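Going by this note's numbering, the first residue of the sequence shown is number 47, and it counts up by one from there. Where a beta carbon is used, it is the ideal one built from N, C-alpha and C, also for glycine. Small disclaimer: the values here were computed from a predicted structure and weren't measured. Structure first, commentary second.
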Amino acid sequence: MTSIIKKIRPRRCQLSVPASSKKMIEKAASIKVDGVILDLEDSVAPDQKESARHQIIDGLTQLDWKASSISVRINGTSTEWCHQDIIELVSSCSEKIATLIVPMVNTPNDLLFVETLIKQLAIKNSSAAEIGIEGLIETVEGLSNVDKIAQSSEKLEALVLGMGDYAASQRMRINTIGDVSSEAGDIWQYPRYRLIVACHANGINPIDGPYADVKDITGLKQDSKKTSMIGMMGKWAIHPDQVTPITEAFTPGKDAISTARKQKTAYEKGLSEGLGSVSVDGVMVDAANAKTIDELLALNELYEKTDS
47 MTSIIKKIRP RRCQLSVPAS SKKMIEKAAS IKVDGVILDL EDSVAPDQKE SARHQIIDGL
107 TQLDWKASSI SVRINGTSTE WCHQDIIELV SSCSEKIATL IVPMVNTPND LLFVETLIKQ
167 LAIKNSSAAE IGIEGLIETV EGLSNVDKIA QSSEKLEALV LGMGDYAASQ RMRINTIGDV
227 SSEAGDIWQY PRYRLIVACH ANGINPIDGP YADVKDITGL KQDSKKTSMI GMMGKWAIHP
287 DQVTPITEAF TPGKDAISTA RKQKTAYEKG LSEGLGSVSV DGVMVDAANA KTIDELLALN
347 ELYEKTDS
């Protein structure tokens, strides 16, 4: 296991869009966001799977996309559509696809199947070799296996907490996906922490699931800020109005960056003078703090490049 990120890619906000809607695909192409997810799974009816797949191919090859990366959520590995999703998408527009997102990941085999098929297709199409994988943890089985899943595939870049299906799997009594108001306290604390630890232990990004009440921007901001503080690297959006609040919540603030730079300068000066720790405005900075500071500044540099 490693704490080094395998693939450096901004994921503060990923906007999920139903691939069955040509209008929504065209709208998503015009939005500047870290990532757009073209969804072939839950938001697409069974009799529209094939046409939606073709709309993705048309959209990726014909539209001018402003997002930093485009991902496709394929159908689950146990479905009749999965293998054809991968074959057609990778064969037609692999150079446009950053990652394939695999739903309902319950065991490492779910990811290894997708990885193997991508590698086979890459034999004839070299650009396919660059496609990564993201996995959705959406069941209690998946969460119980999350450590093995997080270290299973060399192509795995991120794991996402799929709150809707997970809530059903754990038999949670909630009305809204992402709902945080409960007499039971923070009902998402355990699955979030479980996923975060597994991801960071294996050098991949933990990503939070969506906040379904698109009108509750205040609640979205609060939830996004909280999850960013505990180690999530981003959050899914399901409406364009959610993009800016989520992105801002996962972007380090100017004051935090200014403080980090000041602390880094003081710590490095202290090291040159033979000191293992220094005090900066009353706060001790040592080797442990320095690691956090370096990671924060590296993320800030990545996000500045993305936003420029």
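So, with DSSP's three-state summary, where would you put Ser49?
On the sequence shown, position 3 is the one that residue 49 refers to. For Ser49, the predicted structure reports a pLDDT of 40, less than 50, and the residue's modelled location is therefore unreliable. The matter cannot be settled from this model.
Cβ neighbour criterion (16 or more within 10 Å) applied to Thr162
Locating residue 162 in the sequence shown gives position 116, where the first residue counts as 1. Exposed, because fewer than 16 other Cβ atoms sit within 10 Å of the Cβ of Thr162.
Spatial neighbours of Lys281 in its chain, beta-carbon cut-off 6 angstroms, leaving aside the 5 residues before and after
For the purposes of this step, residue 281 is taken as residue 235 along the sequence shown, with counting starting at 1. Same-chain partners within the cutoff: Asp254, Ser270 and Ile292.
Short Cβ contact (8 angstroms threshold) for Gly277 with Ile242
Working through the sequence shown from its first residue, we reach residue 277 at position 231. Working through the sequence shown from its first residue, we reach residue 242 at position 196. A contact, by the Cβ cut-off of 8 angstroms.
Beta-carbon proximity list for Asn346, same chain, < 7 angstroms, skipping 5 on both sides:
Here residue 346 is taken as the residue at index 300 of the sequence shown, counted from 1. Pro298 and Ile303.
May I ask you to report which of helix, strand or coil DSSP gives Glu399?
Here the chain covers residues 47 to 354 and nothing more, so residue 399 does not appear.
Can you tell me whether DSSP reads Ser325 as helix, strand or coil?
The sequence position of residue 325 within the sequence shown is 279, counting from 1. Looking at Ser325 - three-state DSSP - the assignment turns out to be strand.
On the three-state DSSP scale, how would you describe Leu109?
For the purposes of this step, residue 109 is taken as the residue at position 63 of the sequence shown. Leu109: coil per DSSP, three-state reduction.
Going by the CB atoms, is the gap between Trp127 and Ala75 shorter than 8 angstroms?
The residue given as residue 75 occupies position 29 in the sequence shown. The residue given as residue 127 occupies position 81 in the sequence shown. No, they are not a contact pair.
Just to confirm my understanding: we take Asp332, look at its own chain, exclude 5 residues before and 5 after, and list those with CB closer than 7 angstroms. What are they?
Taking the sequence shown and counting its residues from 1, the one referred to as residue 332 is at position 286. Once the five neighbours on either side are set aside, the close Cβ partners of Asp332 are Gly322 and Ser323.
Within 8 angstroms, strictly: CB atoms of Arg119 and Ile147:
Residue mapping note: residue 119 aligns to position 73 of the sequence shown, counting from 1. Residue mapping note: residue 147 aligns to position 101 of the sequence shown, counting from 1. Yes; because the gap between Cβ atoms is below 8 angstroms, this pair is in contact.
Can you tell which of Ala213, Ala258 and Arg55 has the C-alpha that lies nearest to the C-alpha of Pro286?
Residue 286 sits at position 240 when you count from the first residue of the sequence shown. Nearest of Ala213, Ala258 and Arg55 to Pro286, Cα basis: Ala258.
Which residues mark the beginning and the end of the beta strand (DSSP E) in which Arg119 is found?
Working through the sequence shown from its first residue, we reach residue 119 at position 73. Run containing Arg119: Ser115 to Arg119, per the beta strand (DSSP E) assignment.
Rounded separation between Gln197 and Arg217 - CA only
Residue 197 sits at position 151 when you count from the first residue of the sequence shown. Residue 217 sits at position 171 when you count from the first residue of the sequence shown. The straight-line gap from Cα to Cα measures roughly 28 angstroms.
Roughly how many angstroms separate the alpha carbons of Gly208 and Cys245, rounded to a whole number?
Counting from one through the sequence shown, the residue named residue 208 turns up at place 162. Counting from one through the sequence shown, the residue named residue 245 turns up at place 199. Going from the Cα of Gly208 to the Cα of Cys245 covers about 15 angstroms.
Report yes if the CB atom of Leu202 is closer than 8 angstroms to the CB atom of Ile179, and no otherwise.
Taking the sequence shown and counting its residues from 1, one reaches residue 202 at position 156. Taking the sequence shown and counting its residues from 1, one reaches residue 179 at position 133. Yes. Within cutoff.
In this structure, how does DSSP classify Val289 when only helix, strand and coil are distinguished?
As a working note, residue 289 is residue 243 in the sequence shown. Three-state result, Val289: helix.
Using the Cβ count rule (16 or more neighbours within 10 Å means buried), how would you classify Ser274?
On the sequence shown, residue 274 is found 228 positions in, with the first residue counted as 1. Result: buried.
Here's a check: name, in chain order, each residue in its chain whose Cβ is nearer than 8 angstroms to the Cβ of Asp185, leaving out the five neighbours to either side.
Looking up residue 185 in the sequence shown gives position 139. The question names Asp, but residue 185 in the sequence shown is Thr. So the list reads Met150, Asn152, Asp211, Tyr212 and Ser215, once near-sequence residues are dropped.
For Gln60, the first and last residue of its enclosing beta strand (DSSP E):
Within the sequence shown, the letter at position 14 stands for residue 60. Counting along the chain, the beta strand (DSSP E) containing Gln60 begins and ends at Cys59 to Pro64.
Output yes or no for whether 8 angstroms exceeds the beta carbon distance between Ile116 and Leu86.
Locating residue 116 in the sequence shown gives position 70, where the first residue counts as 1. Locating residue 86 in the sequence shown gives position 40, where the first residue counts as 1. No, the Cβ-Cβ distance between Ile116 and Leu86 is not below 8 angstroms.
Whole angstroms are fine: how far does the CA of Ile54 sit from the CA of Gln193?
Translated into the one-based positions of the sequence shown, residue 193 becomes position 147. Translated into the one-based positions of the sequence shown, residue 54 becomes position 8. According to the sequence shown, residue 193 is Asp rather than Gln. The alpha-carbon atoms of Asp193 and Ile54 are separated by roughly 21 angstroms.
Where the beta strand (DSSP E) through Leu146 begins and ends
Mapped onto the sequence shown, residue 146 falls at position 100. Element bounds for Leu146: Thr145 to Val148.
Simplified DSSP assignment, three categories, for Pro252:
The count along the sequence shown starts at 1 and reaches residue 252 at position 206. Correct three-state label for Pro252: strand.
Name the two residues that bound the continuous beta strand (DSSP E) containing Val82.
Residue 82 sits at position 36 when you count from the first residue of the sequence shown. Where Val82 is concerned, the enclosing beta strand (DSSP E) stretches over Gly81 to Asp85.
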